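As you go down the protein sequences, you meet chains V and L in turn. If you read the first sequence in my numbering, its first letter stands for residue 2, the second for the next number, and so on. If you read the second sequence in my numbering, its first letter stands for residue 2, the second for the next number, and so on. All residues carry an ideal CB built from backbone N, CA and C; glycine is no exception. The model shown is predicted, which means the values in this text are computed figures rather than measured ones. What follows is a short report on a single structure.
Number of protein chains: 2
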Amino acid sequence: MKLAEAKQQFISSWGAFGTHWGINRTMAQIHALMLISPDPLTQDDIMEELNISRGNVNMNTRELINWGLIERVILPGERKEYFSAEKDIWKVVKQIVKERKKRELEPMLKLLDQLENVEGDKKEKKVKSFIEIVSGIKKLGHQADKTLDTMVKAEENWFVGNLIKLFK
Amino acid sequence: MKLAEAKQQFISSWGAFGTHWGINRTMAQIHALMLISPDPLTQDDIMEELNISRGNVNMNTRELINWGLIERVILPGERKEYFSAEKDIWKVVKQIVKERKKRELEPMLKLLDQLENVEGDKKEKKVKSFIEIVSGIKKLGHQADKTLDTMVKAEENWFVGNLIKLFK
DNA sequence: TTGAATTTTCAATAGTTTTTGAAAATTTTA
DNA sequence: TAAAATTTTCAAAAACTATTGAAAATTCAA
Chain V
2 MKLAEAKQQF ISSWGAFGTH WGINRTMAQI HALMLISPDP LTQDDIMEEL NISRGNVNMN
62 TRELINWGLI ERVILPGERK EYFSAEKDIW KVVKQIVKER KKRELEPMLK LLDQLENVEG
122 DKKEKKVKSF IEIVSGIKKL GHQADKTLDT MVKAEENWFV GNLIKLFK
Chain L
2 MKLAEAKQQF ISSWGAFGTH WGINRTMAQI HALMLISPDP LTQDDIMEEL NISRGNVNMN
62 TRELINWGLI ERVILPGERK EYFSAEKDIW KVVKQIVKER KKRELEPMLK LLDQLENVEG
122 DKKEKKVKSF IEIVSGIKKL GHQADKTLDT MVKAEENWFV GNLIKLFK
């Protein structure tokens with residue numbers, strides 16, 4: 002396979018992958034393009050490579066910056082802004098975990114804490130069933146939260162080494 | 002908070018949560034409703050509780066069955082079909098992990114294996130950069146794949162006990 | 001069998017999300 | 001400061017996804 006084709010395949014499948022994870026296709030494609038680009042890119046580079054409008058590039062690069070996955074780079078002597086992606090994939094994964102934990106897991110756990118204190122007779126089947134499920138999710142969720150905290154702090158070596166040994 | 006309100010909140014936030022994970026809102030809501038229902042439900046029960054059409058219930062229950070999260074139940078002497086959800090939340094999580102691994106991670110890894118063998122001079126900056134990223138993702142992906150395999154086979158006690166100790 | 005009950009299908013519609021592109025705002029250079 | 005280059009915004013349009021509901025198919029009891 003030639004590089005041009007491989008590049009297209011990578012970008013397109015990274016985009017499809019992203020949609021399964023609640024990330025919009027274009028944002029994931031821009032990220033993919035930037036991951037494999039050795040040098041920083043401008044808005045125009047991205048527009049051209051992916052055939053999308055300037056507005057689209059602007060919105061999605063901003064969002065990627067919010068996620069902490071790319072950053073603006075000013076090249077000395079250049080008028081245009083450049084963008085550059087974090088290339089260490091373990092750092093990328095940790096950053097995504099960190100953000101999603103904050104945006105999704107933590108609010109959910111807050112809600113579950115409230116829902117567990119629902120009024121009503123715990124001998125009633127409906128009430129009992131509700132509390133059991135909520136408590137179960139809460140317990141596992143808090144556990145996952147702690148585990149992910151540790152992961153976010155960890156080095157890749159630690160993950161690939163120690164954890165995997167344990168899992169064997 | 003009263004049970005009725007707590008129920009609504011749980012269903013609605015589980016639905017919103019689902020959309021962040023590439024699952025459609027209604028499918029997640031049906032799943033939520035069934036998790037907290039002590040007894041199996043019919044299509045009509047679900048239609049009424051969530052105010053959605055029969056067709057919608059039918060499609061989404063089928064999809065939940067494909068995901069292995071609910072099952073059809075025949076109650077003796079009853080004409081209608083009932084549906085019942087797996088209530089053990091650890092089993093639910095493992096089932097979701099298993100499915101997503103099969104649907105998303107494994108195809109991605111297959112593609113990466115191909116992309117790593119891209120033609121071209123590895124001294125060229127573009128080619129080098131491409132191979133480095135692809136190899137990095139591949140390596141971490143295969144590691145994650147193995148780890149998830151072990152998790153899918155594990156008991157909850159194992160997870161909450163051993164893993165967490167290690168993570169402290 | 002028959003026909004009533006129930007489930008399934010799917011074309012049409014409604015709703016949501018993404019993308020465009022041109023105008024406005026901002027930044028930089030001279 | 002002026003004006004050229006660049007970035008940002010956002011209303012409108014396009015694209016995509018989910019939902020409805022009625023007709024078709026299936027199942028079941030008698």
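C-alpha of Ile47/L to C-alpha of Arg26/L: approximately 14 Å in a straight line. Look at Ser38/L here: in three-state DSSP terms it is coil, with no helix or strand label. Inter-residue distance for Gln10/L and Glu100/V is about 24 Å (C-alpha atoms, whole angstroms). Secondary structure of Ser13/L (DSSP, three-state): helix. Excluding its 5 nearest sequence neighbours in each direction, Leu76/V has C-beta neighbours in its own chain below 8 Å: Pro41 and Tyr83, listed in chain order.
Counted as a single uninterrupted DSSP element, the alpha helix (DSSP H) harbouring Ile138/L occupies residues Lys126 to Lys154.
For the region 59-97 of chain L, the continuous beta strand (DSSP E) assignments of 3+ residues that do not extend past its boundaries occur at 71-74 and 83-86, in sequence order.
Annotation for Met2/V: no alpha helix (DSSP H) segment contains it, and DSSP assigns it neither H nor E. Listed along chain V, the residues sitting closer than 7 Å to Ile138/L by beta-carbon distance are Ile90. One finds Gly23 in chain V with Cβ atoms closer than 8 Å to the Cβ of Thr20/L, taken in chain order.
Around Ile37/V, the beta-carbon contacts reaching into chain L at under 7 Å are Ser130, Phe131 and Ile134.
Contact between the region 151-158 of chain V and the region 89-108 of chain V is present: 3 or more CB-CB pairs across the two stretches fall below 8 Å.
By the neighbour-count criterion, in which a residue is buried when 16 or more other Cβ atoms sit within 10 angstroms of its Cβ, Gly16/L is buried.
Distance from the CA of Val98/L to the CA of Thr151/L, rounded to the nearest whole angstrom, comes to 11 Å.
Of all residues in the region 76-102 of chain V, the ones placed with a Cβ closer than 8 Å to any Cβ belonging to chain L are Lys88, Asp89, Ile90, Trp91, Val94 and Arg101, in chain order.
Gly121/V reaches chain L at Leu4, counting residues in chain order whose Cβ is nearer than 7 Å. At least one C-beta of chain L is nearer than 7 Å to the C-beta of Leu141/V.
The Cβ atoms of Ile71/L and Met28/L do not sit closer than 7 Å to each other. Ser136/L and Met109/V have their C-alpha atoms roughly 35 Å apart. From the beta-carbon of Leu112/L, the residues of chain V found nearer than 9 Å are Gln10, Phe11 and Ser14. Counting other Cβ atoms within 10 Å of its Cβ, Ser38/L reaches 16 or more and is therefore classed as buried. Annotated three-state conformation of Gly19/L is helix, per DSSP. Counting along the chain, Leu116/V sits inside the alpha helix (DSSP H) bounded by residues Glu107 to Leu116. Only buried fits Lys95/L, as 16 or more other CB atoms lie within 10 angstroms of its CB. At the C-beta level, Leu149/V and Lys111/V stay beyond 7 Å of one another.
Judged by their CB atoms, Leu113/L and Ile138/L are nearer to each other than the 7 Å cut-off.
If you look at Asp45/V, you'll find it in the alpha helix (DSSP H) that goes Gln44 to Leu51. With a cutoff of 7 Å on beta-carbon distance, Asn61/L and Ile31/L are scored as near each other.
Taking the Cα positions, Arg55/V is about 14 Å away from Glu64/V. Leu4/V is positioned such that its CB atom lies closer than 7 Å to that of Gly121/L.
By the Cβ neighbour-count rule, Lys8/V is buried, with 16 or more other Cβ atoms within 10 Å of its own.
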